[in-house]
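Chains as they are written, first to last, in numbering that gives the first Met the number 0: chain V, 0 to 250; chain D, 0 to 283.
Okay, so here's the structure we're looking at.
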Amino acid sequence: MGPAEDFTGFENIKNILTNNIFLKAVGNSFTIVALSLFVQLPLGLFLAILFGRGLRGRAFFRTIFFLPYVLSEAITAVLWRILYNPEPSRGFINAVLQAMGLETKAWLGETNLVLISIFVVLTWKYIGFHMLLYITGLQNIPRDVEEAALIDGVNKRQMFTYITLPLLAGTIRTSVYLSVLGSLQVFAIVWIMTKGGPVNASEVLSTYMYRFSFVRFQLGYGAAVAIVMLIIALIFSITYMSFVRRTEHIV
Amino acid sequence: MPEKAKKSKKFIEILPVILKYIILIAALLFILVPIVIIIFGGLKTRGEFYTIPYVPPIPPRWGNIVRIVKMPIFWYMMRNSVLVTGAATAGVVIIASMSAFVFARINFKGKSLMFQFFTLGLMFPATVAILPIFLIVRQIGLQNNLIGVILVLTTFQLSMSTVILRNFFMEIPSELQDAAMIDGCNTIGFFWKILLPLAKPSLAAVASLAVVNTWNDLLVALVLIDKEKLWTLQLGTMQFQGQYGQDLSLVSAFLILAAIPAVIFYIFAQRHIVSGLTAGSLKG
Numbered sequence: 000m001g002p003a004e005d006f007t008g009f010e011n012i013k014n015i016l017t018n019n020i021f022l023k024a025v026g027n028s029f030t031i032v033a034l035s036l037f038v039q040l041p042l043g044l045f046l047a048i049l050f051g052r053g054l055r056g057r058a059f060f061r062t063i064f065f066l067p068y069v070l071s072e073a074i075t076a077v078l079w080r081i082l083y084n085p086e087p088s089r090g091f092i093n094a095v096l097q098a099m100g101l102e103t104k105a106w107l108g109e110t111n112l113v114l115i116s117i118f119v120v121l122t123w124k125y126i127g128f129h130m131l132l133y134i135t136g137l138q139n140i141p142r143d144v145e146e147a148a149l150i151d152g153v154n155k156r157q158m159f160t161y162i163t164l165p166l167l168a169g170t171i172r173t174s175v176y177l178s179v180l181g182s183l184q185v186f187a188i189v190w191i192m193t194k195g196g197p198v199n200a201s202e203v204l205s206t207y208m209y210r211f212s213f214v215r216f217q218l219g220y221g222a223a224v225a226i227v228m229l230i231i232a233l234i235f236s237i238t239y240m241s242f243v244r245r246t247e248h249i250v
Numbered sequence: 000m001p002e003k004a005k006k007s008k009k010f011i012e013i014l015p016v017i018l019k020y021i022i023l024i025a026a027l028l029f030i031l032v033p034i035v036i037i038i039f040g041g042l043k044t045r046g047e048f049y050t051i052p053y054v055p056p057i058p059p060r061w062g063n064i065v066r067i068v069k070m071p072i073f074w075y076m077m078r079n080s081v082l083v084t085g086a087a088t089a090g091v092v093i094i095a096s097m098s099a100f101v102f103a104r105i106n107f108k109g110k111s112l113m114f115q116f117f118t119l120g121l122m123f124p125a126t127v128a129i130l131p132i133f134l135i136v137r138q139i140g141l142q143n144n145l146i147g148v149i150l151v152l153t154t155f156q157l158s159m160s161t162v163i164l165r166n167f168f169m170e171i172p173s174e175l176q177d178a179a180m181i182d183g184c185n186t187i188g189f190f191w192k193i194l195l196p197l198a199k200p201s202l203a204a205v206a207s208l209a210v211v212n213t214w215n216d217l218l219v220a221l222v223l224i225d226k227e228k229l230w231t232l233q234l235g236t237m238q239f240q241g242q243y244g245q246d247l248s249l250v251s252a253f254l255i256l257a258a259i260p261a262v263i264f265y266i267f268a269q270r271h272i273v274s275g276l277t278a279g280s281l282k283g
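In structure tokens:
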């Protein structure tokens, strides 16, 4: 690999942008981003508000919820591969479904299920982290603001929409930022659990790039995928920064 | 009639509390059951795993655990991970504390531009850069060498760590530095003898975060290391799954052993990890 002697212009970029599997990978990555934003984060916020304050044994629960975050993605992936085993005598999830008289499924083997199955694993691993951010954010809201609102006769829902949520805006923004960037980069969990399969149904940007760069050694093609990934991440980061700059004046 | 109304009102009042606990228990089960199932599985024989997979392992069978502990490769993985994590963490703390000090305390031309450039690293994670990383490391001949992994993992954590430490350093009043200077302390002396001891909690937070991030890396090691003896624990976990994937009780036992260091570290450093994460993400 010397200097770029045979510069191919935008040939590689053009090739990937018309490749169906690449477009599928982009779609899947965006699906994971969307699911994280609209399912995982609201769930984390909900749990944080529910348990963040006034619950006995809070520290203990925080320890439990945060535990998967410290386990590596490799361990997480192998662990969930066992749980997802299609045989009810081996995979716990199908065993539970069978015991309840429900249909068992090949969670990682069916094209329309695999992405959701992976998303469940991502939620298991990362929801505690987002809860932690929200709980910290909630603790930073001054008590007297809420007490003043209560004296003014605010009900619970008003309290949430007009007091808690706006004061938590900074924390939510941060967790959105981290979640989007993290979701775009998901690699180890997908690669170990499915290698992007079956038939590319769980292919994401990073697994696609890895396959072309390091399994097939088409470095130029892999680099083109990396450039697209970088552009997506940069567009998001710049949009985020300008959004933060604009709203910070308001809050 | 009023009696009854009173009773139902009471029920409505405690209903949210009951609901809250039901949700709490459901969430706890979602987190804990997968871990418990794997612990159960790892402490059974292969036969038991397939006949009675979901009951507690009574009596526990240590056969699988012993088998893994006796594999030399397992100890190579542990050693490699400890080496990489120790070296990268030390590198991150040493370099980031110095660069954070410069950005927080010393004025020079182009400082803000340089800091902006530094924070670009926050948007440029190793996953996106893995291909140039591979090419560069190969070019300097550090492929299949733990030093290559250490260098890459150190570098990619510098931005975040510097931002966190700079914030902490900026909170330390400048009067303190002025006072130290008057007492005859130079800049390096101030950094070494006054600032660093004061910043111990934030250094611990950054170090703990670096430990978790380095320990859990898979991709960098996967790309840079082929030699079995140089596998890190995460790389080994992936390969172990590939090699013994059919023997689920053995794989479960491996997971138990592979998770132990991280869990022990978590128990002792939880406070620091948490403060590092919240500082990094809420201020960064």
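Don't be surprised by glycine CBs; every beta carbon is placed ideally from N, CA and C.
Start and end of the alpha helix (DSSP H) containing residue i?
i              : result
M159 (chain D) : 145-170
S174 (chain D) : One detail in the question is off: residue 174 (chain D) reads as Glu in this sequence, not Ser. Per DSSP, E174 (chain D) belongs to the alpha helix (DSSP H) from 173-181.
I135 (chain D) : 129-138
R60 (chain D)  : From DSSP, R60 (chain D) is part of no alpha helix (DSSP H); its letter is neither H nor E.
R172 (chain V) : 168-184
K191 (chain D) : The sequence given here places Trp at residue 191 (chain D); Lys does not occur at that position. No alpha helix (DSSP H) holds W191 (chain D); DSSP gives it neither H nor E.
V120 (chain V) : 113-138
M122 (chain D) : Neither: M122 (chain D) is in no alpha helix (DSSP H) and is coded neither H nor E.
I15 (chain V)  : 10-16
V222 (chain D) : 218-223
V189 (chain V) : 187-192
M237 (chain D) : 232-243
Can you check which of these residues, the options, is closest to residue i by C-alpha distance?
i              : options                        : result
I191 (chain V) : D:R66, D:L221, D:I181          : D:L221
F168 (chain D) : D:K228, D:R104, D:I64          : D:R104
I162 (chain V) : V:A147, V:R172, V:V175, V:Y176 : V:A147
F133 (chain D) : V:G195, V:L218, V:T75          : V:L218
A24 (chain V)  : V:A98, V:F216, V:R245, V:V189  : V:V189
E227 (chain D) : D:T213, D:N215, D:A258, D:Q242 : D:Q242
L119 (chain D) : V:S241, V:R244, V:F21, V:L233  : V:L233
W79 (chain V)  : D:P52, D:I34, D:Y75, D:R137    : D:I34
Q115 (chain D) : D:N144, D:I72, D:M159, D:D225  : D:M159
V262 (chain D) : V:N199, V:F29, V:L22, V:P67    : V:P67
S178 (chain V) : V:V38, V:T17, V:L22            : V:V38
A206 (chain D) : D:I57, D:S111, D:I94, D:T126   : D:I94
S290 (chain V) : V:I92, V:R172, V:F216          : Past the boundaries of the shown model lies residue 290 (chain V); chain V is included only from 0 to 250, so the question cannot be answered.
W327 (chain V) : V:G100, V:A98, V:P87           : This structure cannot settle anything about residue 327 (chain V), because the visible part of chain V is limited to 0 through 250.
F21 (chain V)  : V:G127, V:V214, V:Y207, V:G195 : V:Y207
Here's the rule: buried if 16 or more other CB atoms are within 10 angstroms of the residue's CB, otherwise exposed. What is residue i?
i              : result
I21 (chain D)  : exposed
F102 (chain D) : buried
I230 (chain V) : exposed
P141 (chain V) : exposed
M0 (chain D)   : Low local confidence applies: a pLDDT of 47 at M0 (chain D) is under 50, so the model's placement there is unreliable, and no value is given.
D216 (chain D) : buried
P52 (chain D)  : buried
N111 (chain V) : exposed
Q240 (chain D) : buried
V54 (chain D)  : exposed
T75 (chain V)  : buried
W123 (chain V) : buried
R55 (chain V)  : exposed
L256 (chain D) : buried
In the structure shown, what three-state DSSP assignment does residue i receive?
i              : result
V203 (chain V) : coil
Q157 (chain V) : helix
T88 (chain D)  : helix
G152 (chain V) : coil
D143 (chain V) : helix
V250 (chain V) : For V250 (chain V), the predicted structure reports a pLDDT of 41, less than 50, and the residue's modelled location is therefore unreliable. A value from the coordinates is still provided. Three-state result, V250 (chain V): coil.
P165 (chain V) : helix
P196 (chain D) : helix
R210 (chain V) : helix
F114 (chain D) : helix
K104 (chain V) : coil
T238 (chain V) : helix
Q142 (chain D) : coil
P197 (chain V) : coil
R215 (chain V) : coil
G221 (chain V) : helix
F107 (chain D) : coil
K228 (chain D) : helix
Does the beta carbon of residue i fall short of 7 Å from some heavy atom of the ligand SAM?
i             : result
G26 (chain V) : With respect to the ligand SAM, the structure offers nothing, as it holds no ligand at all.
Which parts of the region 69-95 of chain V are runs of the beta strand (DSSP E), unbroken and 3 residues or longer, counting only runs that do not cross its ends?
none
For the region 33-70 of chain V, list the alpha helix (DSSP H) runs that are entirely contained and at least 4 residues long, ordered along the chain.
With a minimum length of 4 residues, the continuous alpha helix (DSSP H) runs that stay inside the region 33-70 of chain V are 40-50, 57-69.
Please specify which runs of the alpha helix (DSSP H), each continuous and at least 4 residues long, are wholly inside the region 19-60 of chain D, giving them in chain order.
45-50
Using a Cβ cut-off of 7 Å, which residues of the region 235-255 of chain D contact any Cβ in chain C, in chain order?
Among the protein chains of the structure shown, namely V and D, there is no chain C.
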